[in-house]
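Right, one structure below, let's go through it.
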Amino acid sequence: MSDTPRKKRVAAIKGTHDILPHQARKWQRVERAALSLFELYGYREIRTPVFEATELFEKGTGETSDIVMKEMYTFTDKGGRSLTLRPEYTPSIARAIIEHRLNLLPDPMRYYFIGPMFRYDKPQKGRFRQFHQMDVEVFNEKDPAVDAEIVEMAAALLESVGVTGSEILVNSVGCRACRPDYLRELRGAAEKSRSDLCPDCQRKIGTNPLRIFDCKVETCREIARGLPKITDLLCGECEDHFSRFKGYLDLYALPYTVEPLLVRGLDYYTKTTFEFISTRLGAQDAILGGGRYDDMMRDFGGPDICGIGFALGMERLLLLVPDEEASEPFLYVVWMGEEARKAGMTAARTLRRHGFEVWIEYKERSFKNQLSRASKLGAAWGVIIGEDEAGRGTYQLKNMASGEQREKTLEELLSSLRISD
Ligand SMILES: [Zn+2]
Ligand SMILES: [Zn+2]
-18 MSDTPRKKRV AAIKGTHDIL PHQARKWQRV ERAALSLFEL YGYREIRTPV FEATELFEKG
42 TGETSDIVMK EMYTFTDKGG RSLTLRPEYT PSIARAIIEH RLNLLPDPMR YYFIGPMFRY
102 DKPQKGRFRQ FHQMDVEVFN EKDPAVDAEI VEMAAALLES VGVTGSEILV NSVGCRACRP
162 DYLRELRGAA EKSRSDLCPD CQRKIGTNPL RIFDCKVETC REIARGLPKI TDLLCGECED
222 HFSRFKGYLD LYALPYTVEP LLVRGLDYYT KTTFEFISTR LGAQDAILGG GRYDDMMRDF
282 GGPDICGIGF ALGMERLLLL VPDEEASEPF LYVVWMGEEA RKAGMTAART LRRHGFEVWI
342 EYKERSFKNQ LSRASKLGAA WGVIIGEDEA GRGTYQLKNM ASGEQREKTL EELLSSLRIS
402 D
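Read in this note's numbering, the sequence shown has 346 at position 365, and its numbers run on one by one without any break.
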């Protein structure tokens, strides 16, 4: 006898996770709630490839952003092309719009998407390298009512999946007309506190001083609070947009806080930014975040149309979603002998065609054994078939909770299940 060495066990890659059946039900519940809600607001799904040309994301997120510099999963394929697993969704959707000229269709440009994203991030609670996002984007609608409606939809989404106690933060980050002056002022002010800022923020003074507001270091946050705020220096158009946006939030009776530090990490935001936070998530408290990006499509070489959207991390949202109610009631077919097995198979097929969940297991076991398994698995009803029933063409329908049992034809069985449904 030769000792073949056991194969080394391969485990899931760090920063990835399996979604097991008992968890997947919760995922499905949240996804279903989201997509039916999004459809109510006139959004339609777009699915794009998981990987794209690397330059798409370099262009999209801005070459100085942390995502591009540190977190992209970039690789060279066998054809020598540089490809990247998408770290965010917006650039892909912008590409798809341009490629398929979706802006020339009469349909509203309202899109949603649910799927995996990839970032080489430090894994931590609720954060993964392959993580899942829900993404919502509206293009070609520049009215501030759209900004308020999308925030209202986000609030409705959280409500529909039972997430309570979140807060809404809003801000405006200005536009290309008002931001350059503001950035000059910000840079000047940040320069004065340079030595007190963390090395990362010191670097940001030169590259993108807005990002100082994203820093989580306490001393930096303290300094950031004292820096000039863009909301004090908005141009007329941005000022008007921001105040009407807030007015429409009031119309919906949505409570919100204006947070001047809320500038969002990405270069392409203009005007409105918003975030939903929950203290239940600890320091990493954002549930979803988004904003307007009126110049992004043009920057991508596309049509000059504005956009607004938000992204929501599924893993983090699921930490806040209450656990599932009891699963759907199902039937468990109990049989003994070949004729009863056949009758059971036929019954299972018919019941499933009528929309009932039916479990039948193809192992010879005693009635007692099967019935105890049915109740352990949580079946609502047992459909019991012995030799006699198989001969008569009937079934014993057993209510697993009450123990009550009645002999029925398949026709009667169906109608009595429909009533108790
Ligand atoms: Zn402006
Ligand atoms: Zn800092």
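Where is the CB? At the ideal position from N, CA and C, for every residue including glycine.
When DSSP assignments are scanned along the segment 79 to 137, the uninterrupted stretches of beta strand (DSSP E) that are 3 or more residues long and fall wholly within it turn out to be 90 to 99 and 111 to 120. Leaving aside the five residues that flank A158 on each side, the residues in its chain whose CB is nearer than 6 Å to its CB run, in chain order, C216. For Y54, the enclosing beta strand (DSSP E) covers residues Y54 to T57. A residue is called buried when at least 16 other Cβ atoms come within 10 angstroms of its Cβ; H113 meets this threshold and is buried. Between the segment 29 to 40 and the segment 54 to 69, the count of C-beta pairs closer than 8 Å reaches three or more; the two stretches touch. The segment 259 to 271 makes no contact with the segment 151 to 167; the number of CB pairs closer than 8 Å stays below 3.
Of the residues K323, S347, Y343 and V364, the one whose Cα lies closest to the Cα of F337 is V364. For F32, the enclosing beta strand (DSSP E) stretches over residues F32 to A34. A straight-line Cα-Cα distance of about 14 Å links E12 and L301. Taking C-beta atoms under 8 Å as the contact rule, G155 and C219 qualify, at a distance of about 5 Å. Judged by DSSP secondary structure, E388 falls within the beta strand (DSSP E) whose first and last residues are Q386 to K389. In the DSSP assignment, L235 falls outside any beta strand (DSSP E), carrying neither H nor E. At a cut-off of 7 Å, the beta-carbon of V244 does not count as near ligand 2: no heavy atom of the ligand is closer than that.
The Cβ atoms of Y101 and M53 lie closer than 8 Å to each other.
The set of residues with CB atoms less than 6 Å from any heavy atom of ligand 1 reads, in chain order, G155, C156, A158, C159, L215, C216, E218 and C219.
Going by DSSP, A14 is part of the alpha helix (DSSP H) stretching over P2 to L21.
In this structure, the C-beta of L358 stays at least 7 Å away from each heavy atom of ligand 2.
Boundaries of the beta strand (DSSP E) harbouring G294: G288 to G294, taken from the DSSP string. Counting other Cβ atoms within 10 Å of its Cβ, N152 reaches 16 or more and is therefore classed as buried. For T254, the uninterrupted beta strand (DSSP E) run begins and ends at T251 to I258, by DSSP. The beta carbon of T331 is closer than 8 Å to those of L391 and L395 in its chain, skipping five residues each way along the sequence. Take T57, set aside five residues on each side of it, and the residues of its chain with a beta-carbon closer than 8 Å to its own are S63 and L64, in chain order.
In the same chain as V132, and ignoring 5 residues on each side of it, the C-beta atoms closer than 7 Å to its own belong to I149, L230, L235 and F255, in chain order. About 6 Å separates the CB atoms of L208 and L167; that is less than 8 Å, so the two are in contact. Annotation for E148: no alpha helix (DSSP H) segment contains it, though the beta strand (DSSP E) segment containing it runs E148 to S153. Taking a cut-off of 8 Å for Cβ pairs, the segment 135 to 144 and the segment 14 to 34 touch, as three or more such pairs fall below it. Approximately 5 Å separates the beta-carbon atoms of F194 and A205; this is inside 8 Å, confirming the contact. Taking C-beta atoms as the reference points, R76 and R25 fail to come closer than 8 Å.
Remark: the C-beta of D(-1) is outside contact range of ligand 2, defined as less than 7 Å to any heavy atom.
Distances from the CB of L178 to the heavy atoms of ligand 2 include at least one below 7 Å. The continuous stretches of alpha helix (DSSP H) do not include T65, which lies in the beta strand (DSSP E) extending over residues S63 to L66. Unbroken alpha helix (DSSP H) runs of no fewer than 4 residues, entirely contained in the segment 140 to 193, are found at 160 to 173 and 180 to 188, following chain order. Looking at the DSSP output, K227 shares a beta bridge with no other residue. Rounded to the nearest whole angstrom, the CA to CA distance from E368 to E320 is 7 Å. Set against 7 Å, the gap from the CB of V132 to the closest heavy atom of ligand 2 is not smaller. As computed with DSSP, V339 is found in a beta bridge with L312.
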